[in-house]
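For the sequence shown, position 32 matches number 31 in numbering that gives the first Met the number 0, and the numbering has no gaps at all. Report on the structure given below.
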Amino acid sequence: MREGITVTDAITKNGAGRYLCPLCLNWFTDLDDLSLEHAPPASIGGRHTAVTCRDCNSRSGHTVDAELRRAETLYEFGSRSMTKPMSATAHYGDVEQRSEIIFGPEGLSIAGVAKQNHPDTAAAVTEVLQAAAGSKDWSMTLSLRTPDFRKAAIAWLRAAYLVAFATLGYLYVLLGELEPVREQIRDPDAEILSRYCLVTSSSAAERRIVSVKEPHDLASVAVLVGSRAILLPSPTAPGTYERLAALDPWPPPGERTLSGEVAAWPTRPAYALDRIALLK
Ligand SMILES: [Zn+2]
0 MREGITVTDA
10 ITKNGAGRYL
20 CPLCLNWFTD
30 LDDLSLEHAP
40 PASIGGRHTA
50 VTCRDCNSRS
60 GHTVDAELRR
70 AETLYEFGSR
80 SMTKPMSATA
90 HYGDVEQRSE
100 IIFGPEGLSI
110 AGVAKQNHPD
120 TAAAVTEVLQ
130 AAAGSKDWSM
140 TLSLRTPDFR
150 KAAIAWLRAA
160 YLVAFATLGY
170 LYVLLGELEP
180 VREQIRDPDA
190 EILSRYCLVT
200 SSSAAERRIV
210 SVKEPHDLAS
220 VAVLVGSRAI
230 LLPSPTAPGT
240 YERLAALDPW
250 PPPGERTLSG
260 EVAAWPTRPA
270 YALDRIALLK
């Protein structure tokens with residue numbers, strides 16, 4: 000935070016010893032109004048990346064980050080790699096039971112949640128299962144709540160913005176092309192950006208930032224988490240979102256490899272563009 004203040008005091012005239020929240024661009028004097036942000040959210044393995052104001056930090060947790068956790072859990076269900084249970088409703092014939100499920104390498108585990116069901120439900124489920132024992136013609140249904148995938152994508156956009164801020168600094172986020180990104184983060188229900196997420200050929204464990212030069216159509220700052228790339232405006236090739244809007248079809252077909260300068264995932268703000276400017 001102190002480094003952030005030093006940087007903004009040097010590159011702007013408005014700081015006067017205050018901290019500029021990279022998300023809402025409000026100035027803060029009181030440390031109690033600020034907090035450390037995880038990017039991506041802690042619930043999906045993110046680490047402290049940047050300092051934002053408490054308002055910006057808490058607003059996201061309740062809306063988009065919760066949908067991101069749900070979307071990730073569903074993905075883990077599909078790839079049989081769940082580590083935490085998810086809520087589901089199990090139907091055994093006519094008997095319905097609110098349950099928690101885990102689908103991992105060991106198999107599928109379904110457990111009724113006593114507090115969320117009628118006291119007689121467990122016995123009714125046992126009865127159905129006993130009657131079905133040995134039968135080859137038997138089925139049950141699991142109903143899962145569908146995550147809001149749009150909001151989950153905005154949680155990724157928010158995480159990518161914070162990672163790019165930590166890497167490149169204030170001169171980057173103060174570029175005009177970053178304003179619609181902040182607007183979209185502030186108002187997840189509005190449709191401000193539609194093309195900013197891509198699937199690439201990167202492997203699952205990778206986390207890095209690429210200043211994409213090739214393909215030129217995709218010139219951008221790409222924040223890569225596994226095979227997912229979140230595309231943010233390029234500081235050197237203006238008009239990133241106009242270029243993406245002109246692509247037909249979207250997403251571009253085929254295996255995608257984004258190449259350009261690579262930066263490591265930040266563990267603390269590096270303010271790279273600010274430092275370069277201050278050295279001049
Ligand atoms: Zn803020």
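Glycine included, each C-beta is placed from N, C-alpha and C at the ideal position.
Beta carbon of residue i nearer than 8 Å to that of residue j
i    : j    : result
F164 : P252 : no
A276 : I4   : no
E36  : L161 : yes
P232 : T239 : yes
S219 : V198 : no
L272 : P234 : yes
A38  : T28  : no
E95  : T88  : yes
L177 : D216 : no
V180 : L156 : yes
A151 : A70  : yes
L243 : V211 : no
A269 : T166 : yes
G45  : S80  : no
E66  : D147 : yes
Member of the options whose CA lies at the smallest distance from the CA of residue i
i    : options               : result
D64  : K212, M139, A158      : A158
C52  : T235, T82, G225, M0   : M0
S200 : I153, E190, R255      : R255
T7   : L278, G168, S42       : G168
K83  : L243, R68, A38, P40   : R68
V112 : V124, G45, S138       : V124
E182 : D147, E2, C55, R46    : C55
D188 : P268, R97, D136, I153 : I153
P248 : R194, I101, G175      : R194
M139 : I101, P104, L170, H90 : H90
W26  : S34, E2, T62, R17     : R17
L174 : L24, V211, D186, I229 : L24
S57  : I43, L33, A221        : L33
L170 : L278, S42, V224, R274 : R274
M85  : R97, D93, K135        : R97
V224 : L19, K12, I43         : I43
C196 : K279, A41, V50, V222  : V222
Contact with chain E by residue i, beta-carbon distance below 8 Å
i    : result
F102 : Here chain E cannot be found, since the structure has a single protein chain.
(request) Check each residue's C-beta against every heavy atom of ligand 1 and list, in chain order, those closer than 6 Å. (result) Those residues, listed in chain order, are C20, L22, C23, N25, T51, C52, D54, C55.
(message) If contact is defined by three or more beta carbon pairs under 8 Å, each pair taking one atom from either stretch, is the stretch 259-270 in contact with the stretch 202-210?
(response) Three or more beta-carbon pairs drawn from the stretch 202-210 and the stretch 259-270 are found closer than 8 Å, and the two stretches are therefore classed as touching.
(message) Under 8 Å: do the stretch 101-116 and the stretch 126-136 share three or more Cβ pairs, one atom per stretch?
(response) Contact check between the stretch 101-116 and the stretch 126-136: fewer than three CB pairs, one atom from each, fall below 8 Å, which does not count as touching.
(request) Tell me, please, whether the stretch 66-79 touches the stretch 140-150 by the rule of three or more beta-carbon pairs shorter than 8 Å. (result) yes
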